[in-house]
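Heads up, the sequence shown is in this note's numbering, so the first residue is 41 and it goes up one at a time.
A short worksheet on the structure shown next.
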Amino acid sequence: MISLLIAEKPHWNPGSTHGYHGHTIGFLVGELIRYVDPQHRSYGQFVREELDDQCYIGVSDDKVEARVAPLIRKQANNMNSDVINSLDPLAEKTLSCSGAFPLGPYQNSSGIIYNEVQIHRAELPAVNAITNARSVARIYARLMGDINENGKNIERLVSEKTLAQAIENVTPVGEPDRTMPTIKTAFGKSGFQVYGEIFNVFGDTVFGHNGFGGSCALAYPPDQLAYAHVCNQLDTSGFVIDQRSIRLLEAIQYALNQSKIC
C-alpha cells in the first residue's frame, strides 16, 4: 500500500483544496511512525505500547476477539443510492480504498465487512480500531496534559506548543470537501477535525474526529474536556452527521455551561 501511495501523483495542486481520505491517511501515518520509531514498530504495536493497551489496531488475541461486539445496522437500508451516485470517481475510489471496501455501508454479501475476523486481525490504521470509549478519551486527555489514573501519573503526549500547532485550522472558511460533499469539514495541521459541522457547539477551540456510523471523540482544551463515545449500532444512511452525536455533544456543552453558572 505504501509503495502505491508513494507512486501516486497529486489529484490537485497541493494547498489548493482539501479532501477527506479516510483509508489512506492511516497507512501514511503508520509508515511515518515506523520511520521515526527507533524500534520501527507497526502502527498497531505502537498504539498499544505507547498510547493505550486497550486500543487495538489489529486483534491477534483470541480472548480479545471473543469480547468484540459485532456491528449492526441502525437502518434496514444500505447507504442511500442517491448519495453514492453523487460521488465523483475520485471520491468513490477514495472512500472505498479503490473498491477494496464496498460502499453502502462497507458491506459484503454476508453482512458488515468489519465483522469479519480477518478484518479484525489486519492492521488498517484509519478504519478498524477496536477499543472502548474510555481508552479513546484517555488518549485525547493525554494530548492536553498529564492525567492521573488509579493514583498513577501518566505523562502528556505532546507539549502545549506542539498541540497548538497541531490543531491550527488550515482549511479556508467555506471550502468544500472534494470527497465528502455533503459534510462541512475543516482540518488542523495534524489531521484532526477542527470546528466543522459536528463540533460547532464548542466553537473554534475543539479538535477530534467523528467516525463512520456514529462514533465520535474530541478534546476541548478550554475546559480540559476529553470525550468519546463508540457504538456498534451504525447509522449507514449516508454521509450525514449522526444525530446521536449532535444530541450528546449539545448535552455536554449544556452541562459545562451550567457548571460555570453554579
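For each residue, glycine too, the CB sits at the ideal point set by N, CA and C.
It should be emphasised that the depicted structure is a prediction, and the values quoted were computed from it without experimental measurement.
**Asked** Ordered along the chain, which non-local residues of its own chain (more than five positions away) have a Cβ less than 7 angstroms from that of I65?
**Response** A166, G231
**Prompt:** How long is the line joining the alpha carbons of H51 and V198, rounded to whole angstroms?
**Reply:** 32 angstroms
**Close-in-space but distant-in-sequence residues of the same chain around P261 (CB under 7 angstroms, 5 per side omitted)** = M184, T245
**Request:** Could you check the C-alpha separation between G251 and C271 for me, to the nearest Å?
**Result:** 10 angstroms
**Item:** Ranges of the beta strand (DSSP E) found wholly within the stretch 189-217, counting only runs of at least 3
**Value:** 192-194
**Request:** For the alpha helix (DSSP H) containing A47, list its first residue and its last residue.
**Result:** 42-47
**Asked** How far does the alpha helix (DSSP H) with D250 in it reach, from first residue to last?
**Response** The residue you asked about is not Asp; residue 250 is Asn in the sequence shown. Where N250 is concerned, there is no enclosing alpha helix (DSSP H), although the beta strand (DSSP E) it sits in stretches over 247-250.
**Prompt:** How is the alpha helix (DSSP H) around L135 delimited, first residue to last?
**Reply:** 129-136
**Request:** Have a look at P78 and A291 and give me their C-alpha separation to the nearest angstrom.
**Result:** 43 angstroms
**Message:** Just to confirm the assignment, what range does the beta strand (DSSP E) spanning Y260 have?
**Reply:** 256-260
**Request:** Give the secondary structure of V234 by DSSP, where H, G and I count as helix, E and B as strand, and everything else as coil.
**Result:** strand
**Request:** Just the C-alpha distance for A206 and V157, rounded to the nearest angstrom, thanks.
**Result:** If you draw a straight line from the Cα of A206 to the Cα of V157, it comes to about 34 angstroms.
**Message:** Going by DSSP in three states, R113 sits in which element: helix, strand or coil?
**Reply:** strand
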